[in-house]
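Chemist: Here it is, the structure in full.
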Amino acid sequence: MKPSSAESQERSALPSLRLKPREEGRLLSGHPWVFSNELETVGRELPVGSLARLESSQGRNLGLGFYNPHSLIAWRFLAPRPEPVDASFFKKRLSAALELRMRYYPGQRSYRLCFGESDGLPGLILDKYEDFVVAQVLSAGMERCLGSVEGALRELLQPKGAYLQNDHPSRKLEGLELERRLWWGEVPPRIVIEERGLRFLKPLIEGQKTGFYFDQRDNRQETARWARGRRVLDLFCYTGAFAVSAAQAGAEQVLGLDSSAAAIELARENSRRNGLEERCRFDTGDAEEVLEVFSQGRQPLQPNFILLDPPSFVPAKRHLPKALRAYVKLNALALRCLDSGGLLATSTCSHHVGREAFLLMIRQAASKAERRVRLLRLGTQSLDHPILLSMPETEYLHFALLEVI
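Residue 1404 in the working numbering sits at position 383 of the sequence shown, and the numbers go up by one each step.
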């Protein structure tokens, strides 16, 4: 089909980039990024974050996207054909994202509303907490569109306020400054949100990340199913979502540990808010040191269910071998603490650790711990963090529930 005259005018008004020969395969398979070394023509004079058309080496139209001449990710796909990228564009994309969340989690008022490329909005992360929004912008093109994003959000959700938590190191790769600031309206320092009938106090403007670890929502529900009657040790517990969920599901007792004193205070408050403080205890501590103690088997109340949700050990791909060794060591220590029938729920949260690498890590940890394990469940991030099969980078969280046999 030939483009209409309006489309032709739109195309001619936009700057165009051209790929080198035989570089369009990944894009045609659905991956939304083009790297700088794949471009034949490079518009160095274009402002960072400009809209630009992309063509194949033969001149075939490949779509409209954001261009950054100073980034390794030089072009990010937005649409198959040129169109106005305005508040109406963002309202349409965000409406589709919202409909998806309501289908997956009907009745929820707090969730990840937008997960960047997975929702067709490259570099835009939006988390909704009741009547407030916390945003993170990771691409220069999206930064230029903040006014249109704001207009779409105001029309779609009517939030009372929004906060920009733009402190992720990847912004530097886009030539963007790190900052945290009020976007519009009023945003309280903390807010109470609900998950499956539990109430959690969540920091909005001083938290570790934009989300309430929404990505573990489904895995919290899964682990809670197995917690009844168990003595649970929750390591890297942050503000206690896994621990409180386990206690509410009938765990005999729960000990949550984290290196952050501020997170532990919030975890204690969350257990009190849900009337579970008698079964939940929280303290600061180092995970490896605590596991070394329990692995000796001399404690009066040994855990028989251990939760491991450590931060990412892989800031860049070159760190992967070292990180995998650290994951193996940590999981082996946990498995040594468990006798037959004991459970381990373990996670990794870096897209550099693929599914096969994650499973290999578990096998190596079990061998090192001299334990035979049964895989009960294999999971990933929750459904409000959609995974594009054509973009492996969107699958970053791996979860396994294991039983020692």
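Even glycine gets a Cβ: it sits at the ideal position worked out from N, Cα and C.
It should be emphasised that the depicted structure is a prediction, and the values quoted were computed from it without experimental measurement.
Looking at Ser1388: is its Cβ nearer than 8 Å to the Cβ of Leu1354?
Modeler: Contact flag unset, no.
Chemist: If Leu1422 sits next to Trp1247, beta carbons under 8 Å apart, how far is it from one beta carbon to the other, in whole angstroms?
Modeler: The pair is a contact, with the Cβ atoms about 7 Å apart (cut-off 8 Å).
Chemist: Can you tell me where the beta strand (DSSP E) with Ile1182 in it begins and where it stops?
Modeler: Looking at the sequence itself, residue 1182 is Gly, so the reference to Ile does not match. Run containing Gly1182: 1182-1187, per the beta strand (DSSP E) assignment.
Chemist: Is the region 1159-1171 close to the region 1132-1151, with three or more CB pairs under 8 Å?
Modeler: The region 1159-1171, when compared against the region 1132-1151, does touch it at the 8 Å Cβ threshold.
Chemist: Thr1369 and His1419 - do their beta-carbons sit closer together than 8 Å?
Modeler: yes
Chemist: Are there 16 or more other CB atoms within 10 angstroms of the CB of Phe1233, so buried, or fewer, so exposed?
Modeler: buried
Chemist: Which two residues bound the contiguous alpha helix (DSSP H) that contains Tyr1132?
Modeler: Boundaries for Tyr1132: no alpha helix (DSSP H) harbours it, while the beta strand (DSSP E) harbouring it runs 1131-1136, taken from the DSSP string.
Chemist: Can you check which of these residues, Gly1196, Tyr1417, Leu1359, is closest to Pro1332 by C-alpha distance?
Modeler: Put simply, of Gly1196, Tyr1417, Leu1359 the residue whose alpha carbon is nearest the alpha carbon of Pro1332 is Tyr1417.
Chemist: Between the alpha carbons of Asn1291 and Gly1362, how many angstroms are there, rounded?
Modeler: 29 Å
Chemist: For Leu1329, which residues from the same chain have a beta carbon less than 8 Å from its beta carbon, with the 5 sequence-adjacent residues on both sides left out?
Modeler: Within the same chain, Leu1329 has close Cβ partners Leu1256, Phe1257, Ala1308, Leu1351, Asn1352, Ala1355, Leu1365, Ala1366, Thr1367, Ser1368.
Chemist: Per the DSSP calculation, Gly1084 is bridged to which residue(s)?
Modeler: Leu1075, per the DSSP bridge assignment.
Chemist: Alpha carbon to alpha carbon, how far is Gly1182 from Tyr1132? Give it in angstroms, no decimals.
Modeler: 16 Å
Chemist: Would Gln1179 be called buried (16 or more neighbouring beta carbons within 10 Å of its own) or exposed?
Modeler: exposed
Chemist: Out of Gln1385, Lys1193, Glu1104, Val1425, point me to the one whose CA is closest to Arg1395's CA.
Modeler: Val1425
Chemist: Suppose the cutoff is 8 Å on Cβ atoms and the five residues either side in sequence are ignored; what does the same chain contact list for Arg1039 look like?
Modeler: Leu1060, Glu1061, Thr1062, Leu1075, Glu1076, Ser1077, Ser1078, Gly1080
Chemist: Helix or strand or just coil, what does DSSP make of Gly1271?
Modeler: coil
Chemist: His1373: which of Ala1347, Lys1338, Val1349 sits nearest, CA to CA?
Modeler: Residue Lys1338 is the option with its Cα nearest to His1373.
Chemist: Could you give the distance in angstroms between the alpha-carbon of Ser1029 and the alpha-carbon of Ser1037?
Modeler: Confidence is the limiting factor: at Ser1029 the pLDDT is only 47, short of 50, which leaves the residue's position unreliable and the question unanswerable from this model.
Chemist: So, is Leu1035 buried or exposed, given that buried needs 16 or more other C-beta atoms within 10 angstroms?
Modeler: exposed
Chemist: What is the DSSP secondary structure of Glu1061, reduced to helix, strand or coil?
Modeler: Here DSSP, grouped into helix, strand and coil, assigns Glu1061 to strand.
Chemist: Can you tell me whether Leu1178 is helix, strand or coil according to DSSP?
Modeler: The answer is helix: DSSP assigns Leu1178 an H, G or I state.
Chemist: Any C-beta of chain B sitting closer than 8 Å to the C-beta of Thr1244?
Modeler: The structure shown has no chain B; it contains just one protein chain.
Chemist: What are the residues that DSSP puts in a beta bridge with Cys1301?
Modeler: For Cys1301, DSSP records a beta bridge to Val1275.
Chemist: How long is the line joining the alpha carbons of Ser1025 and Gln1402, rounded to whole angstroms?
Modeler: For Ser1025, the pLDDT reaches just 46, beneath the cut-off of 50, and the residue's location in the model is therefore unreliable, although a value from the coordinates is still provided. Distance between the alpha carbons of Ser1025 and Gln1402: 42 Å.
Chemist: Taking the alpha-carbon positions, what's the Ala1027 to Gly1084 distance?
Modeler: In this prediction, Ala1027 has a pLDDT of 42, which is less than 50 and means its spatial position is unreliable; nothing more can be read from the coordinates.
Chemist: So is Tyr1305 buried or exposed if we call it buried at 16+ other beta carbons inside 10 Å?
Modeler: Reading off the sequence, residue 1305 comes out as Thr, not Tyr. Per the 10 Å Cβ criterion, exposed.
Chemist: Determine whether the beta carbon atoms of Tyr1150 and Leu1225 lie at a separation below 8 Å.
Modeler: yes
Chemist: At what residue ranges does the region 1314-1344 contain a whole run of the beta strand (DSSP E), taking only runs of 3 or more?
Modeler: 1326-1329
Chemist: Taking the C-alpha atoms as reference points, what is the distance between Glu1031 and Leu1072?
Modeler: Because Glu1031 sits at a pLDDT of 48, beneath the cut-off of 50, its placement in the model cannot be relied upon, and the point is left open.
Chemist: Could you check where the alpha helix (DSSP H) with Gly1162 kicks off and where it finishes?
Modeler: 1161-1165
Chemist: Suppose the cutoff is 6 Å on Cβ atoms and the five residues either side in sequence are ignored; what does the same chain contact list for Glu1216 look like?
Modeler: none
Chemist: Kindly give me the distance between the Cβ atoms of Val1154 and Leu1167, rounded to whole angstroms, as I take these residues to be in contact under 8 Å.
Modeler: Actually they do not touch by this definition, with Cβ atoms about 12 Å apart.
Chemist: Whole angstroms is fine: what's the gap from Ile1212's alpha carbon to Glu1286's?
Modeler: 15 Å
Chemist: Between the Cα of Phe1056 and those of Asp1360, Gln1323, Ala1156, Pro1090, spot the shortest distance and give me the residue it belongs to.
Modeler: Pro1090
Chemist: What are the boundary residues of the alpha helix (DSSP H) that includes Glu1216?
Modeler: Per DSSP, Glu1216 lies in no alpha helix (DSSP H) segment; the continuous beta strand (DSSP E) that holds it begins and ends at 1211-1216.
Chemist: Quick one, are the C-beta atoms of Val1265 and Cys1301 less than 8 Å apart?
Modeler: yes
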